[in-house]
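Enquirer: Reminder that position 52 of the sequence shown reads as 52 in the working numbering, one-by-one numbering, no gaps.
Quick reminder that beta carbons are idealized off the backbone N, C-alpha and C, glycines included.
Okay, handing you the structure first.
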Amino acid sequence: CRRAGAAAFLAFFLPAALLPQRVVSLAPGLTEIVFALGRGGKLVGVTRFCDFPAEAKGIAKVGGFLDFSVEALVALAPDIVLAYPEHSARLRALPPRVRVVTVAHNRLSDLLASLATIGRELNAAGEGRRLAEGIRLRLERLSRGVAAERRTRVLFVAGRNPNELKNMFIVGRNDFLNDLLEAAGGTNAYPGKVDYPNISLETVIALDPEFIFEISAHYEGIADERIFALWRPLSMVTAVAAGQVRVIRDPSWLRPGPRVAQVAEELARILHPRPRPEAGKGRPRA
1 CRRAGAAAFL AFFLPAALLP QRVVSLAPGL TEIVFALGRG GKLVGVTRFC
51 DFPAEAKGIA KVGGFLDFSV EALVALAPDI VLAYPEHSAR LRALPPRVRV
101 VTVAHNRLSD LLASLATIGR ELNAAGEGRR LAEGIRLRLE RLSRGVAAER
151 RTRVLFVAGR NPNELKNMFI VGRNDFLNDL LEAAGGTNAY PGKVDYPNIS
201 LETVIALDPE FIFEISAHYE GIADERIFAL WRPLSMVTAV AAGQVRVIRD
251 PSWLRPGPRV AQVAEELARI LHPRPRPEAG KGRPRA
């Protein structure tokens, strides 16, 4: 009883930074945030998709994004689990001593707010504020730089059948990637209110985007040329006719995390390239 009282006293009065923490992250973006805050050494478990930075590859894996093993997670004896709302149901089985920190990353504003939340939980409040402010300033600077540019209409294809343009899901306007697109001087070709609509080729033709970005994570092993070949018959679509179908294999485009400003800057370079002597060469083929 005396020992338990001493432990409670220490937990209450010691500075939080001196308390041990064992952290499990259930999403790649959350893992990247922990490292960006300088707390990567606290991670004892991540998902099999957590591959950045390189140090994350050496951390014990608890499974996938939604199919993680609760048993494997509990075996790591975490103090804190970083999660998304989608994880809530399965995390109810965790022991009461485990603190579940749930954040939303739907919009850019959600992400920036979460940096402060995660920073506080990991005794890195100052780092969290500085990280959020740095991202905000980079995006504001980018927005000012493209303010005079015409807004390019963009379609983000986030998933479809691998070998055909069917069962196609696109990114709507209620997504952090849409917010990055706006900062980069583009606009979503889809004007509706569905978050991730399932659309047909007829809808693609009607939307007539000027750029099409294929950003699905399921194209591994499929050459870019095979993807371009699927689009060529749709020459009535401006993006296809202009050769502006891009295959994005960089997973950071799909991860709300500390690299979002870098993604927005890359988007701006693609949508609003600066004139160069070699302009027109090496343009992706559609």
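Residues in the same chain with beta-carbon distance under 6 Å from residue 95, minus the five sequence neighbours each way, listed in chain order, please.
Expert: Taking the sequence shown and counting its residues from 1, one reaches residue 95 at position 95. For residue 95, where only same-chain residues beyond five positions count, there are no Cβ hits under 6 Å.
Enquirer: Applying the 10 Å Cβ sphere with the 16-neighbour rule, what's the burial state of residue 5?
Expert: Here the question's residue 5 lines up with position 5 in the sequence shown. Note that residue 5 scores 49 on pLDDT, short of 50, meaning its location in the model is unreliable and no value can be drawn from it.
Enquirer: Does the stretch 191–198 come into contact with the stretch 165–183, if we say contact requires no fewer than three beta-carbon pairs (one atom in each stretch) closer than 8 Å?
Expert: Verdict: yes, contact present.
Enquirer: Let me know the alpha helix (DSSP H) ranges lying completely inside the stretch 205–236, each 4 residues or longer, listed in chain order.
Expert: Taking only runs of at least 4 residues, the alpha helix (DSSP H) segments lying wholly in the stretch 205–236 are 224–231.
Enquirer: Do residue 210 and residue 153 have their CB atoms nearer than 7 Å?
Expert: Residue numbering aside, residue 210 sits at position 210 when the sequence shown is read from its first letter. Residue numbering aside, residue 153 sits at position 153 when the sequence shown is read from its first letter. Yes, these two residues count as a Cβ contact at 7 Å.
Enquirer: What does the alpha-carbon distance come out to for the pair residue 362 and residue 90?
Expert: Outside the shown range of the chain, which is 1 to 286, sits residue 362, and nothing can be said about it.
Enquirer: Specify the secondary structure class of residue 25 as computed by DSSP and reduced to three states.
Expert: Taking the sequence shown and counting its residues from 1, one reaches residue 25 at position 25. Residue 25: strand per DSSP, three-state reduction.
Enquirer: Between the alpha carbons of residue 295 and residue 227, how many angstroms are there, rounded?
Expert: Here the chain comprises residues numbered 1 to 286, so residue 295 is not present and cannot be evaluated.
Enquirer: Could you name the residues of the same chain whose beta carbon sits closer than 6 Å to that of residue 112, not counting the 5 residues immediately before and after it, in chain order?
Expert: On the sequence shown, position 112 is the one that residue 112 refers to. Result list for residue 112: 132, in chain order.
Enquirer: Measure how close the beta-carbons of residue 128 and residue 138 come, nearest whole angstrom, since I'm counting them as under 8 Å.
Expert: Taking the first residue of the sequence shown as 1, we reach residue 128 at position 128. Taking the first residue of the sequence shown as 1, we reach residue 138 at position 138. In fact, because the Cβ distance is near 16 Å, the residues do not count as touching under 8 Å.
Enquirer: Ends of the beta strand (DSSP E) at residue 117?
Expert: By one-based count along the sequence shown, residue 117 stands at place 117. Taken as a continuous stretch (DSSP letters only), residue 117 belongs to no beta strand (DSSP E), being part of the alpha helix (DSSP H) at 108–121.
Enquirer: Within 10 angstroms of its Cβ, does residue 141 collect 16 or more other Cβ (buried), or is it exposed?
Expert: Position 141 of the sequence shown, counted from the first residue, corresponds to residue 141. By the neighbour-count rule (16 or more Cβ atoms within 10 Å), residue 141 is not buried but exposed.
Enquirer: Report the three-state DSSP secondary structure of residue 61 (helix, strand or coil).
Expert: Taking the sequence shown and counting its residues from 1, the one referred to as residue 61 is at position 61. Note: residue 61 maps to strand in three-state DSSP.
Enquirer: In its own chain, which residues sit with a C-beta less than 7 Å from the C-beta of residue 100, not counting the 5 before and 5 after it?
Expert: Counting from 1 along the sequence shown, the entry for residue 100 is found at position 100. Within the same chain, residue 100 has close Cβ partners 81, 83, 91, 94.
Enquirer: With a CB to CB cut of under 6 Å and the five nearest residues on each side skipped, what residues in its chain are close to residue 238?
Expert: Your numbering for residue 238 matches position 238 in the sequence shown. Around residue 238: 208, 210.
Enquirer: So, for residue 263: in the same chain, excluding its five sequence neighbours on each side, which residues have a beta-carbon less than 7 Å away from its beta-carbon?
Expert: Residue numbering aside, residue 263 sits at position 263 when the sequence shown is read from its first letter. Answer for residue 263: 180, 252, 253, listed in chain order.
Enquirer: Looking at the secondary structure, which residues open and close the alpha helix (DSSP H) in which residue 136 lies?
Expert: Here residue 136 corresponds to residue number 136 of the sequence shown, with the count starting at 1. Here the alpha helix (DSSP H) through residue 136 covers 125–145.
Enquirer: Rounded to whole angstroms, how far is the Cβ of residue 216 from the Cβ of residue 158, which I believe are closer than 8 Å?
Expert: As a working mapping, residue 216 is identified with position 216 in the sequence shown. As a working mapping, residue 158 is identified with position 158 in the sequence shown. The Cβ separation is near 6 Å, so the contact holds.
Enquirer: Scan the stretch 27–90 and note each continuous beta strand (DSSP E) run of 3 residues or more that stays entirely inside, going in chain order.
Expert: You should have 43–45, 80–83.
Enquirer: Does DSSP put residue 246 in a helix, a strand or coil?
Expert: Position 246 of the sequence shown, counted from the start, is the residue given in the question as residue 246. It is a strand residue.
Enquirer: Which of the three DSSP states, helix, strand or coil, is assigned to residue 271?
Expert: Numbered from 1 along the sequence shown, position 271 holds the residue referred to as residue 271. Of the three classes helix, strand and coil, the one that applies to residue 271 here is helix, per DSSP.
Enquirer: Is there a Cβ from chain D that is less than 7 Å from the Cβ of residue 215?
Expert: Absent from the structure is chain D; it holds one protein chain and no more.
Enquirer: By the three-class DSSP mapping on this structure, what secondary structure does residue 100 have?
Expert: What you label residue 100 is simply residue 100 of the sequence shown in a count that begins at 1. Correct three-state label for residue 100: strand.
Enquirer: Would you identify the three-state DSSP class for residue 198, choosing helix, strand or coil?
Expert: Mapped onto the sequence shown, residue 198 falls at position 198. The answer is strand: DSSP assigns residue 198 an E or B state.
Enquirer: Can you check whether the CB of residue 136 is closer than 7 Å to the CB of residue 79?
Expert: What you label residue 79 is simply residue 79 of the sequence shown in a count that begins at 1. What you label residue 136 is simply residue 136 of the sequence shown in a count that begins at 1. No, Cβ-Cβ distance for residue 79 and residue 136 is not below 7 Å.
Enquirer: In the DSSP output, what is residue 153 paired with across the bridge?
Expert: To locate residue 153, count along the sequence shown from 1; it is residue 153. For residue 153, which the question treats as bridged, DSSP gives the partners 187.
Enquirer: Could you check which residue in 200, 97, 151 has the C-alpha nearest to that of residue 183?
Expert: Against the sequence shown, residue 183 aligns to sequence position 183. If we check each option's Cα against that of residue 183, 151 comes out closest.
Enquirer: Distance, Cα to Cα, residue 87 vs residue 63?
Expert: Here the question's residue 87 lines up with position 87 in the sequence shown. Here the question's residue 63 lines up with position 63 in the sequence shown. Computed Cα separation, rounded: 13 Å.
Enquirer: Starting from the Cα of residue 241, find the closest Cα among 248, 249, 229 and give me that residue.
Expert: The residue labelled residue 241 in the question sits at position 241 within the sequence shown. Residue 229 is the option with its Cα nearest to residue 241.
Enquirer: Quick one: what's got a C-beta closer than 7 Å to residue 29's C-beta in the same chain, skipping five residues either side?
Expert: Counting from one through the sequence shown, the residue named residue 29 turns up at place 29. Excluding residues within five positions, the ones whose Cβ falls inside 7 Å are 105, 255, 256, 257.
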